[in-house]
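Q: Can you read through this structure? Questions will come right after.
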Ligand code: APR
């Protein structure tokens, strides 16, 4: 997955280069600047002294010294002054110049903090949007693993309403709470009259309480089990599609060619490793992860039924027992096919991102 938002301390990231949100002097400061200098040790400051400062929007490279990363790229973000003094252009330049420097240095991986979103007061959601736009633009033409490191989960704020819309849809649709409610209702009925009535427990999802001890029936209920059950139901229902002989790989290739989407464009939209489509084209029985299939369903802008069909061909089902699936269902049914935007939402919801 070429781009990922992660919650971490950037000084712990094991990448080729980490980016420092520095100031024009490059002589250290607070925030992430202070953390990086503390972790790197005094030699970093010594090298910074030789650089002669750095203009806002520019980037300069030093070694990483005691840091796990080989290099530190120091860039200076704009101080937020209301947004009408070219702050967005300068901030975009920070990401663009840092990525160009990392590429020129032969880095395979780089980690950014959210530049200017701390002491420099850039509104977090707008700072994130600039970062996402510049990073995805770079990755549409270059191969590199790029991390955006959030020190705290609330360091990431999203523009627009997608997070609230997805969260509301999950609340409405996600079946875990519903089945929990049913389970509780059923258990109290069982404990009252000793015989479960109503719909039988679906298979191994529940372990019946022992009559004598009336122990709280410890359920083995889990998203994975509901997903398995739903997928089995899905597979049964759609098995005919799978039996039509078209594999997941066949379907991806068919749609790419049918829609005239270039491999590079699809890879970039799906946020998957650039070699993946080669693997799919060379192995028509390729078995992707579910996160990859969901990413392709979004990248190919499939309607819901075709997304279900693609999942079935890869051996999965779209399950209301999985919050990620419910989030993807919402996006597909409302035409939000931007995987990067959805991954930022999934990060906020503490769910696994799409891609590979
Ligand atoms: N790892 C990852 N992110 C971090 C860390 C860390 N260890 N520490 C802070 N951050 C995050 C903040 O939560 C914020 O989202 O980095 C982002 C940028 O915040 P600042 O470090 O305050 O940087 P910035 O807003 O660009 O201000 C730069 O502050 O530290 C001084 O010398 C620096 O004058 C410069 C100014």
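In the numbering used here, the protein residues as written are 153 to 508. Heads up, the beta-carbon is just placed ideally off N, CA and C, and yes, glycines get one too. Keep in mind it's a predicted model, so treat the numbers as computed, not measured.
Contact defined as beta carbons within less than 8 Å: I believe residue 300 pairs with residue 283. What is the distance between those atoms, to the nearest angstrom?
A: Here residue 300 refers to the residue found at position 148 of the chain shown. Here residue 283 refers to the residue found at position 131 of the chain shown. That pair is a contact at about 6 Å.
Q: Quick one, are the C-beta atoms of residue 223 and residue 257 less than 8 Å apart?
A: Reading the chain shown from its first residue, position 71 is the one you call residue 223. Reading the chain shown from its first residue, position 105 is the one you call residue 257. Contact flag set, yes.
Q: Enumerate in chain order the residues of its own chain whose CB-to-CB distance from residue 504 is below 8 Å, with the five nearest sequence positions on each side excluded.
A: On the chain shown, residue 504 is found 352 positions in, with the first residue counted as 1. Counting only Cβ-Cβ distances below 8 Å, and skipping sequence neighbours, we find 443, 476, 498.
Q: Curious, which full-length alpha helix (DSSP H) runs of at least 4 residues does the region 387-441 contain?
A: Assignment of alpha helix (DSSP H) within the region 387-441, counting only whole runs of 4 or more residues, yields 400-411, 415-422, 428-434 in chain order.
Q: Give the secondary structure of residue 484 by DSSP, where H, G and I count as helix, E and B as strand, and everything else as coil.
A: Locating residue 484 in the chain shown gives position 332, where the first residue counts as 1. Of the three classes helix, strand and coil, the one that applies to residue 484 here is helix, per DSSP.
Q: Any contact between the region 399-409 and the region 478-495? By contact I mean 3 or more CB pairs, one from each, below 8 Å.
A: Taking a cut-off of 8 Å for Cβ pairs, the region 399-409 and the region 478-495 do not touch, as fewer than three such pairs fall below it.
Q: Indicate whether the contact test is met: 3 or more Cβ pairs, each with one atom in the region 158-174 and one in the region 257-269, closer than 8 Å.
A: The region 158-174 vs the region 257-269: in contact.
Q: Kindly examine the ligand APR and report whether one of its heavy atoms sits closer than 7 Å to the Cβ of residue 265.
A: Translated into positions along the chain shown, residue 265 becomes position 113. Yes, the beta carbon of residue 265 sits closer than 7 Å to at least one heavy atom of the ligand APR.
Q: Any heavy atom of the ligand APR closer than 7 Å to the beta-carbon of residue 270?
A: Walking along the chain shown from the start, residue 270 turns up at place 118. Yes; taking the cut-off as 7 Å, the Cβ of residue 270 has a heavy atom of the ligand APR nearer than that.
Q: Would you say the beta carbon of residue 163 is closer than 7 Å to some non-hydrogen atom of the ligand APR?
A: Reading the chain shown from its first residue, position 11 is the one you call residue 163. True, at least one ligand heavy atom lies under 7 Å from that Cβ.
Q: Ordered along the chain, which non-local residues of its own chain (more than five positions away) have a Cβ less than 7 Å from that of residue 192?
A: The sequence position of residue 192 within the chain shown is 40, counting from 1. Same-chain partners within the cutoff: 216, 217, 218, 219, 224.
Q: With a Cβ-Cβ cutoff of 8 Å, do residue 287 and residue 229 count as a contact?
A: By one-based count along the chain shown, residue 287 stands at place 135. By one-based count along the chain shown, residue 229 stands at place 77. Their beta carbons are not under 8 Å apart, which means residue 287 does not touch residue 229 by this criterion.
Q: Classify residue 210 as helix, strand or coil using the three-state DSSP reduction.
A: If you number the chain shown from 1, residue 210 lands on position 58. When DSSP states are grouped into helix, strand and coil, residue 210 belongs to the coil group.
Q: Helix, strand or coil, according to DSSP, for residue 371 in the structure here?
A: Numbered from 1 along the chain shown, position 219 holds the residue referred to as residue 371. Note that residue 371 has pLDDT 35, beneath the 50 cutoff, so the model's placement of it is unreliable and the number below is only indicative. Residue 371 falls in the coil class under three-state DSSP.
Q: Is any heavy atom of the ligand APR found at a distance shorter than 7 Å from the C-beta of residue 303?
A: Translated into the one-based positions of the chain shown, residue 303 becomes position 151. Indeed, a heavy atom of the ligand APR lies less than 7 Å from the Cβ.
Q: Buried or exposed: which applies to residue 430, given that a residue is buried once 16 or more other Cβ atoms fall within 10 Å of its Cβ?
A: Residue mapping note: residue 430 aligns to position 278 of the chain shown, counting from 1. With fewer than 16 Cβ atoms within 10 Å of its Cβ, residue 430 is classed as exposed.
Q: Nearest to residue 240 by CA position, among 421, 304, 269, 183, is which residue?
A: Counting from one through the chain shown, the residue named residue 240 turns up at place 88. Across the set 421, 304, 269, 183, the C-alpha of 269 shows the shortest separation from the C-alpha of residue 240.
Q: Which of the three DSSP states is assigned to residue 307 in this structure?
A: Position 155 of the chain shown holds residue 307. In this structure, residue 307 counts as helix in the three-state DSSP scheme.
Q: When the Cα of residue 190 is compared with those of 212, 176, 172, 462, which residue comes out closest?
A: In the chain shown, counting from the first residue as 1, residue 190 sits at position 38. With distances taken between Cα atoms, residue 190 lies closest to 172.
Q: Find the nearest neighbour of residue 213 within the set 254, 404, 161, 459, judged by alpha-carbon distance.
A: Within the chain shown, the letter at position 61 stands for residue 213. Selected option, being the one with the closest Cα: 254.
Q: Rounded to the nearest angstrom, what separates residue 495 and residue 157 at their Cα positions?
A: Walking along the chain shown from the start, residue 495 turns up at place 343. Walking along the chain shown from the start, residue 157 turns up at place 5. Their backbone Cα atoms lie some 8 Å apart in a straight line.
Q: Taking 8 Å as the limit between beta carbons, can you name the residues of its chain near residue 249, skipping five residues before and five after?
A: Walking along the chain shown from the start, residue 249 turns up at place 97. So the list reads 209, 210, 211, 227, once near-sequence residues are dropped.
Q: In the structure shown, what three-state DSSP assignment does residue 156 receive?
A: Here residue 156 is taken as the residue at index 4 of the chain shown, counted from 1. Three-state result, residue 156: strand.
Q: Does the Cβ-Cβ distance between residue 314 and residue 493 come in under 8 Å?
A: Locating residue 314 in the chain shown gives position 162, counting from the first residue. Locating residue 493 in the chain shown gives position 341, counting from the first residue. Contact flag set, yes.
Q: Got a sec? Which residues, its chain only, sit under 6 Å from residue 235 by beta carbon, not counting five neighbours each side?
A: Translated into positions along the chain shown, residue 235 becomes position 83. Once the five neighbours on either side are set aside, residue 235 has no close Cβ partner at all.
Q: Using a 10 Å radius around the Cβ and a threshold of 16 neighbouring Cβ atoms, would you call residue 416 buried or exposed?
A: Taking the chain shown and counting its residues from 1, the one referred to as residue 416 is at position 264. Exposed, because fewer than 16 other Cβ atoms sit within 10 Å of the Cβ of residue 416.
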